[in-house]
Amino acid sequence: MFANARPHTKFAAALLAAGMVATAPAVVGAGPETLPVLTDVAVQPASFVTDALNGLGDVVSAAADAFLIGTDFALGLNYYWDDSDFGWGVPINPVFLASAFVENPGSALSYLLQTYLNPSNNYVNPNDNTEYYFAYPWYVKSSIVEPLVNLLPASLASALNGAINGFADGINDAFASLPDPTAAINHMWEQYNTPIGRLIYAAQDAIALPVTLGVAVAYYLAYLPANLEATVESAIQNPADIPGLLSNLVYDALAPNLYDGLLGNLSYNLLKPLFFLPAPIGESGFGMQDGLAYSVYQGFATAVSGLLSYLPTPITPTPFPFPAAAAPAAAKSNDAVAPETSSTESPNVRGQGQSARKAVHPAGDGKQQSPAKSTAKKAKGESTGGKGRSARGNPAA
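The sequence shown begins at 58 in the numbering used here and counts up one residue at a time.
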């Protein structure tokens, strides 16, 4: 998620500062404008309400992820709804794992231990560090622990994240003496990309549906208050944008594509187990999008998109900007402290919680590439039939 600076001060001081800014005459100057000096404490951002609501959304989203990752762990599922991590260590099941042990015991043992114990960003193919392997502890770290840590002031969050990643990398280093897990990971991928393997995955995914759909709703509701607050703030600043702002709220709820709206997340996940059934109902191979079930989803998405096209063009809300900090202490040598959020930066308004699940990988192995670990959106329709790819940044970064 995002680390936001949160200066500490009293609520009354924030309101008084905001009022003085609103009533003061405009002054044009060469330097950035600052609030009048009222105290020796930094002043709350004018849009601290939106910022606080986004922080609350991060907490709710992390809690929802805890349920989702716990379900994935219990059922052996991969985490990303677009399957961009499919085939890189997850999914997993006891039958295919036993088969991997028969084929290569050392690799299978290494794979098993690291899938359930390795939280490091640096868990990669030992022969190609652009191939990232996935493990349930890493999902916990990246989707639960780090978003919560990032709610703290940036300097503290940076130190804690450094300590967490240092501990995780220590675990990864301890596993370095184990055999290469690649043979077992490839074996699992090959088994899951057979008709029986796809049928097993369909069953695993179907069992998880109640949790998956509930989490999709939780993601949406987590950030709805912040989005509504930001919409109101944006409408106050630019009343002419109100039709587009309202349209944006409708799209957030009813956009039919995965990660674009609540309806898209629900409809895609509801039909997803059918994509893995044998053809012609399911797809002929991973990501082929040629089955009857996928055609139904695609037709539904096209129809809903057509209806939404009659609405005004959506406008993403712009909350009140953060005013510049006024306190003399805050004005002293910014270079002496860890960088934090710009005082003029608008708070981020989250959309669908799932949209943050991705990463960029260098091309070259012919397998599916995914966007970098950010808020970039990627639908399953971008899959080309190879293994999924997902959400890790460069280990060297």
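A virtual CB, placed ideally from N, CA and C, is assigned to each residue, including glycine.
request  = Please check the pair Pro194 and Pro176, which I expect to be a contact at CB under 8 Å, by giving their CB distance rounded to whole angstroms.
outcome  = The C-beta separation of Pro194 from Pro176 comes to about 4 Å, placing the pair in contact by the 8 Å criterion.
Once the 5 residues before and after Ser341 are set aside, which same chain residues still bring their CB inside 8 Å of it? Asp347 and Gly348
Checklist entry - Excluding five sequence neighbours on each side, which residues of the same chain lie with their C-beta closer than 8 Å to the C-beta of Asn150? => result Gly133, Ile257 and Gln261
For this session: Name the residue from Asn178, Phe158, Ala292 and Gly144 whose alpha carbon lies nearest to the alpha carbon of Gly254.
Result: Of the listed residues, the one whose Cα sits closest to Gly254 is Gly144.
Contact set for Glu286: own chain, Cβ-Cβ below 6 Å, skip 5 residues either direction: Here Glu286 has Val106, Thr107 and Leu110 as same chain residues with Cβ atoms under 6 Å from its own Cβ, once five neighbours each way along the sequence are excluded.
(request) Let me know if Ile126 comes out buried or exposed under the rule of 16 or more other beta-carbons within 10 Å of its beta-carbon. (result) buried
So the beta strand (DSSP E) Tyr189 belongs to, where does it begin and stop?
First-last of the beta strand (DSSP E) with Tyr189: Asp185 to Tyr189.
### Query
What's the C-alpha gap between Ala120 and Ser366?
Distance between the alpha carbons of Ala120 and Ser366 is about 34 Å.
The stretch 161-174 in contact with the stretch 234-242 per 3-pair CB rule at 8 Å:
yes
Let me make sure I understand the geometry here. Which of Gly321, Tyr308, Thr375 and Pro330 has the alpha-carbon closest to that of Gly469? Residue 469 lies beyond the residue range present for the chain, which begins at 58 and ends at 454; the question has no answer from this structure.
**Request:** Report yes or no: do the stretch 182-193 and the stretch 203-223 share at least 3 C-beta pairs separated by less than 8 Å?
**Result:** no
Consult DSSP for Asn250 and reduce its assignment to one of helix, strand or coil. coil
(message) Within 10 Å of its beta-carbon, does Asn295 have 16 or more other beta-carbons around it, so buried, or fewer, so exposed?
(response) exposed
Review point. Below 8 Å, can you find three or more Cβ-Cβ pairs linking the stretch 301-309 to the stretch 366-375?
Key: yes
Open item on the list: Could you tell me the alpha carbon to alpha carbon distance between Ile293 and Pro282, rounded to whole angstroms?
Closed with: Whole-angstrom Cα-Cα distance: 17 Å.
In terms of DSSP beta bridges, what is Phe130 paired with? DSSP lists no partner for Phe130.
message: Quick check on the burial criterion: 16 or more other C-beta atoms within 10 angstroms. Buried or exposed for Glu160?
response: exposed
Quick one, which of Ala312, Tyr308 and Ala259 has its alpha-carbon nearest Phe343's? Minimum Cα distance to Phe343 is reached at Ala259.
Query - For Thr370, the first and last residue of its enclosing alpha helix (DSSP H) - result: From DSSP, Thr370 is part of no alpha helix (DSSP H); its letter is neither H nor E.
**OP:** On a CA-only basis, which of Ile338, Phe158 and Ala192 is nearest Pro252? Give me that one, please.
**Re:** Ile338
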